[in-house]
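Report on one structure; see the data block that follows.
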Amino acid sequence: MTANKRAAKASEETLHRIFTIPVAPNSTLGRIENEISQNLAGFLGAHIAASDQALTEIEKDFADSQIPEDPAFVSDHMHHLLDKLVAQSVHTSSPNFIGHMTSALPYFILPLSKLMIGLNQNLVKIETSKAFTPMERQVLGMMHRLVYQNDDAFYQQWMHSAAHSLGAFCSGGTIANLTALWVARNNLLKPEGDFRGVAREGLFKALKHYQYQGLAILVSSRGHYSLKKSADVLGLGQDSVIAIPTDENNKIDCQLLAAKCQQLANENIQVLSIVGVAGTTETGNIDPLQEMAAIAKRYNAHFHVDAAWGGATLLSKKYRPMLKGIELADSVTIDAHKQMYVPMGAGLVVFKNPASVAAIEHHAEYILRKGSKDLGSHTLEGSRPGMAMLVYAALHVISRPGYEMLINSSIEKAHYFASLIKQHADFELVTEPELCLLTYRYNPERVQQRLASVEQSQQEEINVLLDKLTKFIQKRQRENGKSFVSRTRIEVTRYQGRKTLVFRVVLANPLTTQKILQDVLAEQVQLAQESETFLPQLLALS
Ligand SMILES: *Cc1c(COP(=O)(O)O)cnc(C)c1O
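Just so you know, the sequence shown maps onto residues 1 to 542 in UniProt numbering.
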């Protein structure tokens with residue numbers, strides 16, 4: 001609550017003002033707007049508090065459930081927002097914050113976003129978006145070509161075709177994955193004879209008609225949880241997502257995958273989809289996509305690749321070969337809001353076959369007429385913003401070679417960081433970076449030696465303490481506010497698949513320097529010494 005709270009009343013006049021009168025340049029809001037445009041990084045640095053306040057404290061500022069009866073002056077409200085919300089938000093664009101998949105944005109994105117919001121186009125139909133519809137279709141075409149590399153003639157034929165679609169633009173990887181599996185489900189359980197298809201008659205009748213005992217979605221144990229959500233929403237149930245173990249490099253074990261497919265076939269359970277992950281969320285590894293595609297083909301399963309995070313790697317000629325086989329996928333998810341430096345709300349899925357989205361087509365009389373080019377007829381979401389414009393602009397302004405430089409530099413930075421960790425006697429690299437993501441933990445040299453020589457029960461005792469130390473360091477580092485790495489729990493082969501707590505680092509911010517990485521490790525060494533219980537206990541054990 002601001003001290004000098006001025007009173008205002010809702011009136012037609014003030015309402016008219018907020019729709020018509022621009023913010024005065026010398027008003028509080030005008031000044032803030034100016035600062036944001038001139039120096040966003042400086043503004044965020046100045047307004048996001050470096051100290052970490054407990055969430056329960058913050059909740060007290062957001063405790064009132066009454067919708068205000070008296071309107072606030074926008075300047076007063078701005079102060080309130082800066083004080084209570086912005087100050088306690090997360091500095092995701094800081095080059096010292098290397099734990100997130102979404103990071104800094106290029107400057108040109110800000111004014112473009114404002115224009116996009118101002119235009120307020122609704123991509124659900126042409127009537128409310130006009131040129132935005134062909135623009136979005138072009139973005140989908142460009143991303144489709146990035147994956148499948150068809151020729152000009154292909155894109156000329158399909159990109160703007162009313163009855164076809166090269167993909168669907170959506171709010172993120174979750175909806176993209178759901179859309180891919182929705183298409184897969186409806187194509188598998190399509191109309192046949194008297195049966196009018198799963199889209200009309202539902203799953204129960206579909207399974208009866210096709211005489212399947214059930215459906216399954218197969219993905220590695222590193223698969224993203226959005227697949228379980230999708231299975232839930234699509235009526236298959238979360239248990240139909242079957243996790244296949246990975247090898248020591250966090251890649252799906254194709255022998256086990258093939259064996260599971262055969263076992264399911266014997267039980268008359270149809271594999272709806274095999275999902276390859278191209279850049280797992282936790283370790284950044286890429287599945288053997290070519291082998292998976294062959295298995296999917298053998299079992300008549302839709303092959304989907306979840307490249308939400310790693311898909312942008314295709315923009316790098318140097319690293320593109322790591323995703324070999326992605327062009328065999330029936331559908332591919334890519335999040336532009338991860339490694340393409342576009343703000344959140346920009347996900348997409350592309351389909352190899354431009355006709356496959358017909359399986360989820362919906363029409364309504366007043367909107368989305370049959371034969372129209374309205375994008376809403378084959379997207380899960382209805383009203384949708386013009387986010388594709390930001391992807392379109394980024395592709396043009398940054399260009400393919402520009403993206404290549406960003407991607408290569410992130411991957412090389414991850415390799416540099418991995419080498420720092422390996423050189424340091426008191427750190428243990430847990431997963432090597434394949435893309436720009438790696439995991440590690442603080443583990444004093446003496447403890448490492450001890451771990452290597454003792455039997456499993458003693459190993460466990462040490463690892464439990466190391467988990468506690470990892471958590472302690474990660475929390476302290478976050479609370480200190482200078483830098484941030486995330487933490488996750490992953491199965492580690494060298495500890496018999498034990499779920500082990502690790503630091504997780506994503507090196508996507510172009511402004512993160514080698515010096516920053518050295519400082520992150522130095523700070524962690526420092527914080528470890530502050531642990532008054534776990535570190536001494538560990539050292540006593542070894
Ligand atoms: C981030 C991510 C998702 C989910 O995407 P959202 O944009 O968060 O909905 C799905 N799969 C993978 C591999 C991801 O990294």
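Backbone N, C-alpha and C fix where the C-beta goes; we use that ideal spot for every residue, glycine too.
Query: Could you check the C-alpha separation between L218 and V147 for me, to the nearest Å?; Result: 22 Å
Query: Measuring only from the beta carbon, is M405 closer than 8 Å to any heavy atom that is part of ligand 1?; Result: no
Query: Whose CB is closer than 7 Å to a heavy atom of ligand 1? List the residues in chain order.; Result: M101, G172, G173, T174, I175, N177, H224, S226, V277, G279, T280, T281, D306, A308, W309, T333, D335, H337, K338, G347
Query: What's the C-alpha gap between A50 and E127?; Result: 46 Å
Query: In the DSSP assignment, the beta strand (DSSP E) including R489 goes from what residue to what residue?; Result: 486 to 492
Query: What are the boundary residues of the alpha helix (DSSP H) that S230 is part of?; Result: 226 to 233
Query: Grab me the residues of A231's own chain with a C-beta within less than 7 Å of its C-beta, minus the 5 sequence neighbours each way, in chain order.; Result: I217, G237, Q238, S240, V241
Query: Among the candidates Q526, V183, G376, whose CA atom is the shortest distance from the CA of E136?; Result: G376
Query: Is it true that the CB of L541 sits closer than 9 Å to the CB of E445?; Result: no
Query: Under 6 Å Cβ to Cβ from I421, same chain only, skipping five residues before and after it: list those, please.; Result: F427, L429, Y440
Query: Would you check if there are 3 or more beta carbon pairs closer than 8 Å linking the stretch 292 to 302 to the stretch 266 to 275?; Result: yes
Query: Measuring only the C-alpha atoms, how far is M344 from K370?; Result: 31 Å
Query: Rounded to the nearest angstrom, what separates P536 and Q526 at their Cα positions?; Result: 14 Å
Query: With DSSP as the reference, label A216 as helix, strand or coil.; Result: strand
Query: Could you give the DSSP three-state label for H164: helix, strand or coil?; Result: coil
Query: May I ask you to list the residues that DSSP assigns as paired with G347?; Result: C170, D335
Query: Give a yes or no on contact between the stretch 315 to 334 and the stretch 346 to 360, applying the rule of three or more CB pairs nearer than 8 Å.; Result: yes
Query: What does a CB cutoff of less than 7 Å around A24 pick up in its chain, not counting 5 residues either side in sequence?; Result: G30
Query: With respect to 8 Å, is the separation between the Cβ of N186 and the closest non-hydrogen atom of ligand 2 below this value?; Result: Judged by which ligands are present, ligand 2 is missing from the structure shown, whose ligands are ligand 1.
Query: Here's the rule: buried if 16 or more other CB atoms are within 10 angstroms of the residue's CB, otherwise exposed. What is F19?; Result: exposed
Query: Looking at L469: is its Cβ nearer than 9 Å to the Cβ of F417?; Result: no
Query: Buried or exposed, going by whether 16 or more other CB atoms sit within 10 Å of the CB of K108?; Result: A small fix is needed here, since residue 108 is Phe in this sequence, not Lys. The residue in question, F108, is exposed, as its Cβ has fewer than 16 Cβ neighbours within 10 Å.
Query: Using alpha carbons as the reference points, say which of P510, S220, L189 lies closest to K208.; Result: L189
Query: Would you say S457 lies against chain B (beta-carbon separation less than 9 Å)?; Result: Protein chain content of the structure displayed is limited to a single chain, and chain B is not contained in it.
Query: Pull up the DSSP beta-bridge partners for L82, would you.; Result: Beta-bridge pairing links L82 to no other residue.
Query: Could you pull out every residue in the same chain whose Cβ sits closer than 7 Å to the Cβ of residue 543, ignoring the five residues on either side in sequence?; Result: The structure shown does not extend to residue 543, since the chain is modelled only from 1 to 542, so the question has no answer here.
Query: Just verifying my parser: in three-state terms, what is the DSSP assignment at residue 568?; Result: Residue coverage of the chain in this structure runs from 1 to 542, which leaves residue 568 outside it and unanswerable.
Query: Can you tell which of E523, T500, I398, E412 has its C-alpha closest to the C-alpha of V506?; Result: E412
Query: With a cut-off of 8 Å on the beta carbons, I'd call E282 and R487 a contact; round off their distance for me.; Result: Contact doesn't hold; Cβ gap of about 11 Å is too wide.
Query: Kindly indicate which three-state DSSP category R6 falls into: helix, strand or coil?; Result: coil
Query: For V86, tell me which candidate among V139, K317, H47, A54 has the shortest Cα-Cα distance.; Result: H47
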